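Have a look at the structure below before the remarks.
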């Protein structure tokens, strides 16, 4: 009996070892890594992480490309493609916050936003009806019939909870590569909120990868700051209204459709207030418009809307940017930098100034944040359709037009290699 038991044990051990030897390659394919050589033959891996893009990402060639970076394993990012559900955009005229009744019939945000408070409004600073207003452009009329008051749009509860969850994940992040710079970015953003408050913080959101990073850092800090103020005694009854995060965008006739799709999806999904300046409005004109009308409402969100020659002084404005040190326009900026002398007065907040190209992609993929689908087609820096091409360093083969995704770029100095000189672009 003892001999039989020993024999069976040996047989079981041999079978188990053979199972491990045979199943080793298939087991590795279950590891959630984007570019694992052992997972190249796994159809399950490709279908799960390539987002139904076929076999265009052939991992077997990745290690042979001198400009490719094989990233560590992350969960698959959520991407936004052109053709996604679009948000109806409401037009508002400069100086007059009121929108027409037909235009305010915007679909409610996925996060639970009110249909009476549209998420996306278009501003034409050249279309001035001559009316002066003492409320912020981000405020919404209290009613169509009584435009005597306006208020900030309250942030939907689902969107607030989502942002608070993201904040907690960021604060507890232990990833050794991204945690140090992320901690600094959160701290710098929190200090800006402490000085300016939620009504005077405006983010620049143009759909690029850096703008995506600062948008999500901003909404996370926005949620945490407002929640702390609500329960921390700033509001006597604990009912301080939490406004939506505020972002702006400058429309361009040559914008990529994929970028517009991401913007629309983001505005609706995360229930933010977007002011889109109409084509033809310069950066200086748009920012001047905001700075001169930055009348912060009270803690209940209410503000006044009236004709008046004696306007109350505007509050200082902080403008959150995705500038990094290697950007052409970074100059000698610090984390906090006053605007240039030729611009209206505001504070530039650059929370990711010290981040690298690698930090940006590590962050977006680690936290599974949606980004423009063009980056998966080899674009590494986005301008317009007339001056932007896929990065040549990510081209798979000389004879075809297939490109590796942006996060596989190894030589970060080539980030802008796909950008065409603007003078050459205009001549085309």
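Residue numbers (our numbering): 21 to 448. In this text, a Cβ means the ideal position worked out from N, Cα and C, and glycines have one as well. Only a predicted model underlies this, so the values are computations on that prediction, with no experimental measurement involved.
- Query: What do you reckon, are the CB atoms on residue 437 and residue 381 nearer than 8 Å?
  - Reply: What you label residue 437 is simply residue 417 of the chain shown in a count that begins at 1. What you label residue 381 is simply residue 361 of the chain shown in a count that begins at 1. For residue 437 and residue 381, no; Cβs fall outside 8 Å.
- Task: Name the two residues that bound the continuous alpha helix (DSSP H) containing residue 169.
- Result: As a working note, residue 169 is residue 149 in the chain shown. From DSSP, residue 169 is part of no alpha helix (DSSP H) but of the beta strand (DSSP E) over 169 to 171.
- Item | Under the three-state DSSP convention, the category residue 223 falls into | In the chain shown, the residue the question calls residue 223 occupies position 203. Residue state, collapsed to three classes: strand.
- Hey, residue 224 and residue 340 are a contact pair by Cβ (cut 8 Å); roughly how many whole angstroms apart? Mapped onto the chain shown, residue 224 falls at position 204. Mapped onto the chain shown, residue 340 falls at position 320. Right, their Cβ atoms sit about 7 Å apart.
- With DSSP collapsed to three states, give me the class of residue 193. By one-based count along the chain shown, residue 193 stands at place 173. It is coil, neither helix nor strand.
- Nearest-angstrom Cα separation, counted from residue 368 out to residue 183: What you label residue 183 is simply residue 163 of the chain shown in a count that begins at 1. What you label residue 368 is simply residue 348 of the chain shown in a count that begins at 1. Straight-line Cα distance between these residues: approximately 23 Å.
- Message: With H, G and I counted as helix, E and B as strand and the rest as coil, what does DSSP make of residue 361?
- Response: Taking the first residue of the chain shown as position 1, residue 361 is located at position 341. The answer is coil: DSSP assigns residue 361 none of H, G, I, E or B.
- Assign residue 428 to buried or exposed, taking buried as 16 or more other Cβ atoms, counted over all protein chains shown, within 10 Å of its Cβ. For the purposes of this step, residue 428 is taken as residue 408 along the chain shown, with counting starting at 1. So residue 428 counts as buried.
- Task: Go through its chain and collect everything with a Cβ distance to residue 266's Cβ below 6 Å, but skip five positions before and after it.
- Result: For the purposes of this step, residue 266 is identified with residue 246 of the chain shown, where counting begins at 1. Taken in chain order, the residues that qualify are 158, 222, 293.
- Are residue 176 and residue 219 touching if we call contact CB-CB under 8 Å? In the chain shown, the residue the question calls residue 176 occupies position 156. In the chain shown, the residue the question calls residue 219 occupies position 199. No, the Cβ-Cβ distance between residue 176 and residue 219 is not below 8 Å.
- So what does residue 263 bridge to, in DSSP terms? On the chain shown, position 243 is the one that residue 263 refers to. Residue 263 is bridged to 174.
- Query: Where does the unbroken beta strand (DSSP E) through residue 367 begin, and where does it stop?
  - Reply: Here residue 367 is taken as the residue at index 347 of the chain shown, counted from 1. Here the beta strand (DSSP E) through residue 367 covers 367 to 369.
- Start and end residues, beta strand (DSSP E) containing residue 509: Examination of residue 509 is not possible in this model, given that the chain is present from 21 through 448 alone.
- Express the C-alpha separation of residue 241 and residue 210 in angstroms, rounding to a whole number. By 1-based counting over the chain shown, the position of residue 210 is 190. By 1-based counting over the chain shown, the position of residue 241 is 221. If I take the Cα positions, the gap works out to 6 Å.
- Tell me which same chain residues have a C-beta within less than 7 Å of the C-beta of residue 243, skipping the five on either side of it? By 1-based counting over the chain shown, the position of residue 243 is 223. Within the same chain, residue 243 has close Cβ partners 180, 183, 184, 187.
- Segment contact flag, the stretch 337 to 356 with the stretch 192 to 200, C-beta cutoff 8 Å, min 3 pairs: no
- Item | Alpha-carbon to alpha-carbon, residue 307 and residue 415 | Residue mapping note: residue 415 aligns to position 395 of the chain shown, counting from 1. Residue mapping note: residue 307 aligns to position 287 of the chain shown, counting from 1. Spanning the two alpha carbons is a distance of roughly 39 Å.
- Message: Do residue 297 and residue 271 have their beta-carbon atoms positioned less than 8 Å apart in this structure?
- Response: On the chain shown, position 251 is the one that residue 271 refers to. On the chain shown, position 277 is the one that residue 297 refers to. Contact flag set, yes.
- Query: Roughly how many angstroms lie between the CA atoms of residue 284 and residue 396, to the nearest whole one?
  - Reply: The sequence position of residue 284 within the chain shown is 264, counting from 1. The sequence position of residue 396 within the chain shown is 376, counting from 1. Cα-Cα distance, rounded: 19 Å.
- Item | Buried/exposed call for residue 141, threshold 16 Cβ in 10 Å | As a working mapping, residue 141 is identified with position 121 in the chain shown. Its Cβ being crowded by 16 or more others within 10 Å, residue 141 is buried.
- CA nearest to the CA of residue 360, picked from 192, 304, 412, 295: Within the chain shown, numbered from 1, the residue matching residue 360 stands at position 340. Here the closest residue by C-alpha is 304.
- Task: Check residue 308 in the structure and name its three-state DSSP category.
- Result: What you label residue 308 is simply residue 288 of the chain shown in a count that begins at 1. Helix at residue 308.
- Roughly how many angstroms lie between the CA atoms of residue 262 and residue 238, to the nearest whole one? In the chain shown, counting from the first residue as 1, residue 262 sits at position 242. In the chain shown, counting from the first residue as 1, residue 238 sits at position 218. So the alpha carbons of these two residues sit roughly 14 Å apart.
- Message: Can you look up residue 91 in the DSSP assignment and give me helix, strand or coil?
- Response: If you number the chain shown from 1, residue 91 lands on position 71. Low local confidence applies: a pLDDT of 47 at residue 91 is under 50, so the model's placement there is unreliable, and no value is given.
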